[in-house]
Structures are given as C-alpha cells and as structure tokens.
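A short worksheet on the structure shown next.
There are 2 protein chains.
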Amino acid sequence: MAQPKAHQVTLRSIADQLGLHVSTVSRVLNGRTGDGVRAASGDTAARIRRLAEELGYQPDPHGSGLRTGRSRLVGVLVPRLSDLVLAMIYEGIDEAAGELGLTTITANSRDDEQTRRLRTRMMLARRVDGLIFGDASLDSGFLDELAADGGKFVLVNRRAGDHPSVTADDVTGGRLAAEHLHGLGHVDVAVIAGEPYASTGTDRTAGFVGYYRDRGLAAPLVLHSPFDTAGGRAAAEKLLSRPDRPTAIFAVNDFAAIGAMGAARDHGLTVGTDLSIMGYNDTPLAAELPIPLTSVTVPTREMGRRALMSLTRLLAGEAVESERLAPTLVARASTARP
Amino acid sequence: MAQPKAHQVTLRSIADQLGLHVSTVSRVLNGRTGDGVRAASGDTAARIRRLAEELGYQPDPHGSGLRTGRSRLVGVLVPRLSDLVLAMIYEGIDEAAGELGLTTITANSRDDEQTRRLRTRMMLARRVDGLIFGDASLDSGFLDELAADGGKFVLVNRRAGDHPSVTADDVTGGRLAAEHLHGLGHVDVAVIAGEPYASTGTDRTAGFVGYYRDRGLAAPLVLHSPFDTAGGRAAAEKLLSRPDRPTAIFAVNDFAAIGAMGAARDHGLTVGTDLSIMGYNDTPLAAELPIPLTSVTVPTREMGRRALMSLTRLLAGEAVESERLAPTLVARASTARP
DNA sequence: ACGTTTGGCCCAAACGTTTGCGCAACACAA
DNA sequence: TTGTGTTGCGCAAACGTTTGGGCCAAACGT
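So the protein sequences, as listed, match chains A and B.
To convert, count from 1 in the first sequence and add 8; that's the numbering used here.
To convert, count from 1 in the second sequence and add 8; that's the numbering used here.
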C-alpha cells in the first residue's frame with residue numbers, strides 16, 4: 009500500500025543511486041555488525057546507511073522470505089483472545105516478538121480440535137517459522153503429530169505431554185489456595201475445576217485436593233465447568249444447592265469465581281462472611297470488584313515473553329527445557345473465617 | 009518449518025510430476041472459477057487439482073506476494089488487546105478475514121502516539137494490504153498524514169475526522185442511557201466519561217448530556233477518567249465524596265462501572281437501591297456480576313466483521329461509507345428508582 | 001621485483017509466483 | 001486450398017532478496 013508501487017524503496021533503487029551493486033547494499037544493511045570486515049569500506053557503508061535511512065528503506069519480507077525460507081512470523085494459537093488471561097499472555101508474546109523483529113499472527117481455536125487443526129494449517133500456509141500454543145489439550149494427539157512432522161513449537165499456559173512449555177506451577181498454586189482456606193479454618197471446601205482437558209484446571213485442582221488429602225481431611229468436592237463466568241455460576245449453583253454446602257469455594261479461574269459470587273448472592277449469601285470464594289490468575293478486575301477477590305497471581309505477561317524466548321531458542325536449534333513460573337497468593341475480602 | 013526444506017510442495021514440483029508447465033498449474037489452481045475457459049482442458053485441470061490436493065499444496069505467500077505486490081495481510085491496531093471490548097472486535101475482524109483468506113496481524117498502541125506510529129511503521133514494513141485502527145484519537149493528525157500518503161485504512165469502534173469508520177451509534181447509546189435513568193426518576197446524575205480523546209466516550213457523554221439538557225434539566229456532572237476499573241473507581245470516589253452526590257452514575261464503559269460499584273461499596277452504598285450505576289458495552293461479565301449491571305449492548309463482533317468488509321471494499325477501489333450500528337439498552341438490577 | 005594476501009566490490013543464480021504473449025494443433029467456413 | 005477462430009498449453013520475464021564465488025587493485029612479505 010502507501011506508494012502506488014511507483015517508487016518503492018528497494019535495494020536496487022539505493023544501489024543505483026549510489027552507483028553500487030545491490031549485493032553490496034544488501035551486505036551492508038544486513039550488517040553482521042559483529043565482524044564488520046566483509047561488508048564494505050567504512051565510507052561506502054556510511055553512504056549506504058545514510059541513504060537507506062533517508063529514503064526510509066524497509067526490506068521487503070516477500071523478497072527475503074523467498075530467498076531465506078524464513079518469514080520471521082510466529083503463529084500463536086489460543087482458545088480465545090477474549091479470555092483476558094490469554095490476551096495478556098499474548099501481549100507478552102507480542103511484546104517480546106516485537107523486540108526481536110518478529111511478527112506474530114494469532115487465531116482462536118475455541119478449544120475445538122477441528123478448528124485447532126484448521127487454524128494451524130493456515131499458519132503453516134503462511135509459512136510461520138514457529139508456533140506457540142496456548143490451547144494445548146491434555147490428550148495431545150494433535151501436538152504429537154505436529155512434532156513428528158518436524159513442527160517447531162512451544163506451549164504456553166497449559167502443558168501437555170512432554171512438549172516444551174512455559175507455564176505457571178499450577179500444582180503449587182492450587183496448594184497455596186488450599187493452605188489459605190484451610191488456614192482460615194475451612195474444612196468443607198469445593199473446587200470449581202474448569203475443563204478436564206486443560207492442565208491449568210487439573211493441576212490447580214490436584215494441588216488443592218492434594219493438600220487436603222495429605223492432611224487426612226475430607227476430600228474437597230470437585231466440579232468441572234467451563235472457564236467463564238456463566239460456567240462458574242452454574243457450578244456454584246449446584247454446590248450451594250446441596251444440603252452439605254461447602255463453606256468455601258476455590259474456582260480455578262477468576263471469571264468462574266465471579267460467576268460463583270453471583271450464585272452466592274442469589275442464595276442470599278454474602279461473600280466473605282457467609283461464604284468464602286477465591287479465584288485464580290489475579291485478573292486486574294479481581295482487586296477492583298465490589299467485594300475484592302482473593303486470588304493467585306501468576307505472571308501472565310512474563311509467561312508470554314518467556315514462551316517466545318523459548319521458541320526462538322528452539323528455532324535456533326538449541327534444546328529447550330520447560331519452565332514453571334512461581335505463583336503467589338493474594339488474600340482479599342472474599343475469603344474469611346467460616 | 010515442517011519439512012526440512014527438502015520436499016516443499018511447489019508449483020514446479022507439481023508441474024514436473026505431471027509433465028506440465030508451472031504456468032499451467034498456476035492458472036488452474038488460481039482458477040478464476042468463473043469463466044473456466046482459459047485455464048486448461050477439463051482433464052488436465054482435474055489431474056492438477058487432484059495432485060495438488062494429494063500433496064497438500066499451499067501456495068507460498070512469499071512468492072505470490074513478491075509477484076503481485078499484495079500480501080493478503082491486514083494490520084489491526086488497538087489500544088490494548090487485553091481490553092475485552094477490543095479483543096471481541098478483533099475476533100470479529102479476524103473471523104471475517106479468515107473467511108476471505110486474509111490474515112491479520114495486530115499490535116497494541118496503548119493510546120500512545122509514538123507507539124502508534126512505530127507499530128504502524130512495522131505493519132507497513134510487513135507490507136500489509138490495509139489497516140484497521142481501533143485506537144483512533146479525535147485529533148487525528150496521524151491518520152490525516154497516513155491518508156495523505158495513500159495509506160488504506162478504516163477505523164473501528166472510534167471515529168475520527170471523516171475517515172471511513174465502523175462504529176456504534178454512541179450518541180444514541182448515551183441518549184438511551186439518559187432516557188433509562190431519567191425514566192426511573194433520576195435527576196441528579198453523573199457521567200464517568202472516559203478519555204477525552206476517544207469518540208466513544210465523548211459521543212456517549214454528549215448523547216447523555218444532550219438528553220437532560222433538551223428537557224431543561226440540570227446538566228449532569230461529567231468526569232473524565234481512564235477506561236479501566238481503577239479509573240472508574242477513582243472517578244466514582246470523587247463523585248460520591250461530594251455533598252451533592254448524584255443518585256445515578258452512567259459510566260461509558262462496563263469496567264469503569266465495575267470500579268464505580270467498588271467505590272459505592274466503600275461508601276456503604278448498596279448498588280441498585282442506594283445508588284444506580286450503569287455501564288456500556290454489555291460485556292459478558294455485566295450480566296453475571298453479583299449485582300447484574302445495566303448496560304448498553306453494542307454488536308462488538310459484528311462491528312469488527314463490518315470493519316474488515318469495509319476495508320476489503322476500500323482495497324478493491326470502491327468508495328466506502330462510514331457505518332453506525334444501533335445500540336440497545338438492557339436493564340438489570342444495578343439501576344432502580346432513587 | 002615478484003609472489004601472496006586481503007580489502008572492496010560485482011556477478012549471477014536462486015527462492016516460488018503470476019501473467020502477457022505466442023505458438024502449435026485442430027475445427028470450420030468459404 | 002487458404003483464411004479465420006479457438007483451444008490448450010509453454011515461454012520467459014519479473015517481483016526483491018541473499019549469498020557463494022569470483023575479479024581487480026592495493027598492500028604486504030621476502
């Protein structure tokens with residue numbers, strides 16, 4: 009766009025104007041700034057750089073992509089970008105990518121296997137250099153296939169199989185939650201566990217349940233549900249209708265927790281005093297809610313950044329290890345003594 | 009990625025296998041499916057198509073981009089993707105783009121002029137065919153420049169100058185809000201108006217204030233603030249500390265409204281009974297809050313879709329008109345008679 | 001003075017597409 | 001037979017870049 013194709017600034021146009029050959033210009037501008045020897049004389053190099061700057065030269069990715077076989081494009085697949093957590097992770101990814109001169113393209117898989125495959129195909133068709141999956145499913149058939157085909161990717165937020173991943177330590181996070189509620193004196197507790205195919209939900213639940221079990225306490229009630237507000241509301245609805253209603257609910261996700269707060273109110277319960285509810289992720293919203301929500305902070309943006317770094321290492325041919333980031337608990341008014 | 013470069017499926021590899029020329033294969037596969045005459049014999053065409061399918065041929069965008077000068081890439085600039093409203097708009101854009109075989113790349117401008125310019129530059133360097141701005145500022149100097157340089161773009165969500173845009177009818181939306189609150193009997197009302205550079209905030213405020221003014225009522229208090237929860241909370245804090253505290257608050261954004269709810273609670277006020285609060289955008293959250301939030305629905309995803317459609321028309325050389333989508337009000341428990 | 005190195009640059013090929021042009025073969029009419 | 005069209009393809013050039021291999025001249029070693 010911009011210029012009607014008339015005067016695109018190209019290596020050639022620069023070379024011609026300077027009476028040099030296009031390859032010289034290319035070498036200077038690609039400047040393996042390290043050695044500096046092989047490029048050109050200090051003088052010509054300077055002239056080239058000045059003119060390039062002046063004309064606002066920007067290498068054409070089609071040209072270089074065609075030649076090098078690399079696109080400097082990274083594909084990012086997420087369940088949905090309108091999930092705040094994923095949006096923040098993506099922001100981290102994109103930020104880090106920008107700093108390295110990479111561009112990201114993203115797509116929603118809606119946690120649907122077919123969409124996942126389709127969108128991945130589209131990204132490969134775009135010739136992405138590598139992929140980041142934020143929507144890994146625990147039965148990772150698709151990822152196994154992709155890896156077997158030589159696909160380069162890392163996972164973020166959710167782990168699966170032993171594909172390299174950057175996640176929070178969700179088991180520990182769940183344990184922290186249990187420790188907090190148990191410390192307040194809650195023994196009848198329940199977990200709104202999210203979708204069973206997501207490691208985030210299952211790991212947090214496992215950590216939570218493990219804590220209670222290790223102490224010989226009654227096993228917490230576990231209920232699966234979608235990760236969103238409506239899902240949390242429905243699950244809490246069920247929990248609160250039971251005769252042996254729990255005194256505290258741990259939702260593995262802030263939005264589910266907010267839904268649970270709604271259900272609590274419908275049951276005439278005041279969150280914090282009649283019923284403790286806590287979430288996970290420490291969404292910016294959590295602190296600002298009418299009743300501030302106890303939650304577990306995970307460094308979302310940092311997770312995204314690291315995932316991208318991992319991917320670049322992978323693309324450079326290095327071996328990469330999975331990373332687990334440490335969560336921390338932040339207590340607020342939504343949880344209190346029973 | 010994927011194949012180690014060894015056996016990429018290319019027009020040539022298909023042509024060779026079939027003993028045809030690459031141009032023939034190209035013509036068949038690009039099939040101007042309409043005329044059908046000029047391509048090849050029905051038989052060869054079928055053979056080509058079958059083999060391409062079988063090998064999983066995907067045209068290389070670098071090659072075609074280089075040749076055609078088009079990238080089938082659309083750049084989308086937003087204030088921040090972690091703003092749910094923008095995320096949903098972006099989903100609409102990307103969905104529509106996908107259906108047309110276009111790919112979107114996105115970036116956050118954080119409503120910062122310099123970042124905006126920088127990120128736009130990066131997108132142009134990527135040779136996007138066109139741009140969609142979701143972060144237009146009312147003083148549209150940057151956009152004017154870009155348009156003067158022949159840049160192809162449309163605006164979404166926020167309008168500016170008379171650049172083509174797809175937005176909701178925010179003035180009407182503000183009016184609906186005023187009508188609702190006034191209908192309930194509120195005369196001392198206030199507006200948390202968002203940032204003054206965003207048409208969304210100013211238009212909604214103008215519609216709201218206009219309604220009260222047209223009826224000769226006292227002019228609503230107007231307070232600007234950031235669009236997020238913390239901003240809304242701070243603004244509400246100020247409003248509620250006044251001796252002539254309003255009985256109803258219209259926040260031009262659900263998140264600001266949620267912040268306001270928090271402030272209300274700090275003041276010992278029960279939202280709905282002691283103080284009416286309403287938001288805007290009808291975020292999925294609004295309905296699920298402990299105290300469900302009255303809000304104005306705008307067809308976010310649809311807005312995104314239409315913006316992309318507009319852009320494609322623009323790119324096809326057609327003239328495009330701005331569009332205004334109709335908002336509707338949905339009343340919930342957070343607003344009631346004073 | 002003569003061989004050898006090295007600095008500085010150019011040459012040319014290749015990456016995968018698209019597309020205007022042209023050509024052979026055939027059909028048909030006159 | 002010649003002329004006129006049509007169908008079915010191939011040819012070749014171009015898009016902008018990168019990169020291995022030159023080649024010429026100057027600098028250096030002996």
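Just so it is clear, CB atoms sit at the ideal spot from N, CA and C, and this is done for glycine as well.
Practice task
Note down, in chain order, each residue of its chain lying with its Cβ closer than 7 Å to the Cβ of A/P228, except the 5 sequence neighbours on either side.
Solution key: Closer than 7 Å at Cβ, skipping near neighbours: V197, A198, V199, F216, V217 and Y220.
Exercise for the section: May I have the straight-line CA-CA distance separating B/I113 from B/T302, to the nearest angstrom? Expected result: Using only the alpha carbons, I get a separation of about 34 Å.
Handout entry: Start-to-end residues for the alpha helix (DSSP H) that takes in A/S21
Key = First-last of the alpha helix (DSSP H) with A/S21: L19 to L26.
Problem - Beta-carbon proximity check, A/R135 vs B/D68, cutoff 8 Å - result: Yes.
Handout entry: Within 8 Å, strictly: CB atoms of B/G287 and B/I299
Key = Contact flag unset, no.
Handout entry: Candidates A/R332, A/A344, A/D236 and A/A226, of which the one nearest A/D252 by Cα
Key = Closest in C-alpha terms to A/D252, from the list A/R332, A/A344, A/D236 and A/A226, comes A/A226.
Problem - Contact set for A/R314: own chain, Cβ-Cβ below 7 Å, skip 5 residues either direction - result: So the qualifying residues of the chain are V174 and E331.
Handout entry: Where the beta strand (DSSP E) through B/A198 begins and ends
Key = Per DSSP, B/A198 belongs to the beta strand (DSSP E) from V197 to I200.
Problem - Cβ neighbours of A/T123 in the same chain (closer than 8 Å, five flanking residues each side left out) - result: Cβ within range, chain order: N116 and S117.
Handout entry: Euclidean distance between Cα positions of A/A95 and B/L89
Key = Going by the C-alpha atoms only, they are around 6 Å apart.
Problem - Under 7 Å by beta carbon: chain A residues contacting B/S284 - result: By Cβ distance, chain A contributes nothing, its closest Cβ being about 14 Å from B/S284, past 7 Å.
Problem - Limits of the alpha helix (DSSP H) - the one that B/F263 falls within - result: Where B/F263 is concerned, the enclosing alpha helix (DSSP H) stretches over D262 to D274.
Exercise for the section: Enumerate in chain order the residues of its own chain whose CB-to-CB distance from B/K160 is below 8 Å, with the five nearest sequence positions on each side excluded. Expected result: These residues qualify, in order along the chain: D137, G138, L139, L319, L322 and L323.
Practice task
Ignore the nearest five residues each way along the sequence and tell me which others in B/D236's own chain have a CB closer than 6 Å to its CB.
Solution key: Correct list, in chain order: F263.
Problem - Exposure label - B/G209; buried when at least 16 CB within 10 Å - result: Taking every protein chain shown into account, the CB of B/G209 has 16 or more other CB atoms within 10 angstroms, so this residue is buried.
Problem - Reference A/L110, options A/V328, A/A201, A/V93 and A/M317, closest by Cα - result: Its Cα nearest to that of A/L110, the residue A/M317 stands out among A/V328, A/A201, A/V93 and A/M317.
Exercise for the section: Determine which residues share a DSSP beta bridge with A/N289 and list them. Expected result: DSSP links A/N289 through a beta bridge to A/T305.
Exercise for the section: Buried or exposed for B/A156, please, with buried defined as at least 16 other CB atoms from any protein chain shown within 10 angstroms of its CB. Expected result: Exposed: under 16 other Cβ atoms inside 10 Å.
Problem - Backbone CA spacing between A/G27 and A/G71 [nearest angstrom] - result: One Cα belongs to A/G27, the other to A/G71, and the distance between them is close to 22 Å.
Problem - Residues that A/T343 contacts on chain B, provided the C-beta gap is smaller than 8 Å - result: Within chain B, no C-beta atom comes nearer than 8 Å to that of A/T343; the closest sits roughly 15 Å away.
Handout entry: Local Cβ density within 10 Å of A/N289, reported as buried at 16 or more and exposed below that
Key = Buried is the call here.
Exercise for the section: Go through its chain and collect everything with a Cβ distance to A/P12's Cβ below 7 Å, but skip five positions before and after it. Expected result: Per-residue confidence for A/P12 stands at a pLDDT of 42, beneath the threshold of 50, marking its modelled position as unreliable; no derived number is given.
Practice task
List the residues of chain B whose Cβ lies closer than 9 Å to the Cβ of A/E99, in chain order.
Solution key: By Cβ distance, chain B contributes R88, L89, S90 and N116.
Practice task
Closer than 9 Å, Cβ to Cβ, to anything on chain B: give me those residues from the stretch 134-146 of chain A, in chain order.
Solution key: Taking 9 Å as the Cβ-Cβ cut-off, the stretch 134-146 of chain A approaches chain B at R134, R135, V136, D137, G138 and L139, given in chain order.
Problem - A/G202 and A/S233 closer than 8 Å at C-beta - result: Yes. Within cutoff.
Problem - Contacting residues, own chain, Cβ-Cβ under 6 Å from A/A144 (five flanking each side not counted) - result: So the list reads L163, R166 and A168, once near-sequence residues are dropped.
Exercise for the section: Answer yes or no: does any C-beta atom of chain A fall closer than 8 Å to that of B/G71? Expected result: So yes, B/G71 belongs to the interface.
Exercise for the section: Within its chain, find whatever has a CB closer than 8 Å to the CB of A/L192; leave out the 5 residues flanking it on each side and keep chain order. Expected result: For A/L192, where only same-chain residues beyond five positions count, the Cβ hits under 8 Å are A256, S284, T343, A344, R345 and P346.
Practice task
Output yes if chain A places a C-beta closer than 8 Å to the C-beta of B/E296; else output no.
Solution key: Yes, its Cβ sits closer than 8 Å to a Cβ of chain A.
Problem - Residue from B/G64, B/G106, B/A60 and B/T76 with nearest C-alpha to B/V82 - result: Considering only alpha carbons, the answer is B/G106.
Practice task
From the DSSP output, in three-state form, read off B/D43 for me.
Solution key: Note that B/D43 scores a pLDDT of 45, beneath 50, so its modelled location is shaky and nothing firm can be said.
Handout entry: B/T61 in three-state terms, based on DSSP
Key = Here the sequence assigns Glu to residue 61 of chain B, which means Thr is not the residue at that position. Annotated three-state conformation of B/E61 is helix, per DSSP.
Practice task
Output yes if chain A places a C-beta closer than 8 Å to the C-beta of B/Q66; else output no.
Solution key: Chain A, which has a Cβ nearer than 8 Å to the Cβ of B/Q66, makes this yes.
Problem - For A/T114, the first and last residue of its enclosing alpha helix (DSSP H) - result: No alpha helix (DSSP H) contains A/T114, which is instead part of the beta strand (DSSP E) from T111 to N116.
Handout entry: Unbroken beta strand (DSSP E) run spanning B/E297, endpoints
Key = The sequence given here places Leu at residue 297 of chain B; Glu does not occur at that position. B/L297: not part of any beta strand (DSSP E); DSSP gives it neither H nor E.
Practice task
Check whether the Cβ of B/T111 lies closer than 8 Å to any Cβ atom in chain A.
Solution key: When Cβ-Cβ separations below 8 Å define contact, B/T111 makes contact with chain A.
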